[in-house]
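K.L.:
The structure follows.
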Amino acid sequence: YDYILAMDWENLALLQRMCPRGLQHKLQLLMRFATEFEAATINDPYHGGPQGFEQALDYIEDACNGLMEVVRRRATMVAAA
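Letter by letter, the sequence shown follows residues 1 to 81 of the working numbering.
See the structure below:
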């Protein structure tokens with residue numbers, strides 16, 4: 001895997017404890033790739049009602065769109081090399 005993504009700090013910390021040191025660079029917060037929202041993490045929407053789920057979905061869509069742009073750019077660079 002090139003990316004192992006967490007939605008919040010707690011999940012990231014758990015992944016960091018489990019991950020071998022040489023692969024830690026692959027661990028990141030999903031929201032690192034967001035372009036529209038500045039939140040660092042995605043809150044668990046379970047107790048936030050419909051609005052909490054909508055916000056989580058908005059954040060996830062934004063971050064995934066940003067991630068796809070990074071992957072596209074990286075693939076273009078590799079193809080050009």
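Where a beta carbon is used, it is the ideal one built from N, C-alpha and C, also for glycine. Here the structure is a predicted model, which means the values were calculated and not measured.
(1) Using the C-alpha atoms, what's the distance from residue 70 back to residue 11?
(2) Taking 8 Å as the cut-off, decide whether the C-beta atoms of residue 30 and residue 6 are in contact.
(3) Closest by CA to residue 38, which one among 63, 46, 26?
(4) Note down the Cα distance separating residue 15 from residue 79, rounded to an integer number of angstroms.
(5) For the beta strand (DSSP E) that residue 27 lies in, which residues bound it at each end?
(6) What's the C-alpha gap between residue 19 and residue 32?
(7) By DSSP's criteria, residue 6 is part of a beta bridge. Which residues make up the other side?
(8) Could you check the C-alpha separation between residue 100 and residue 8 for me, to the nearest Å?
P.N.:
Reading from the atomic positions:
(1) 22 Å
(2) yes
(3) 63
(4) 31 Å
(5) 27 to 29
(6) Cα to Cα, residue 19 sits roughly 19 Å from residue 32.
(7) 29
(8) Residue 100 lies beyond the range of the chain shown here (1 to 81); nothing can be said about it.
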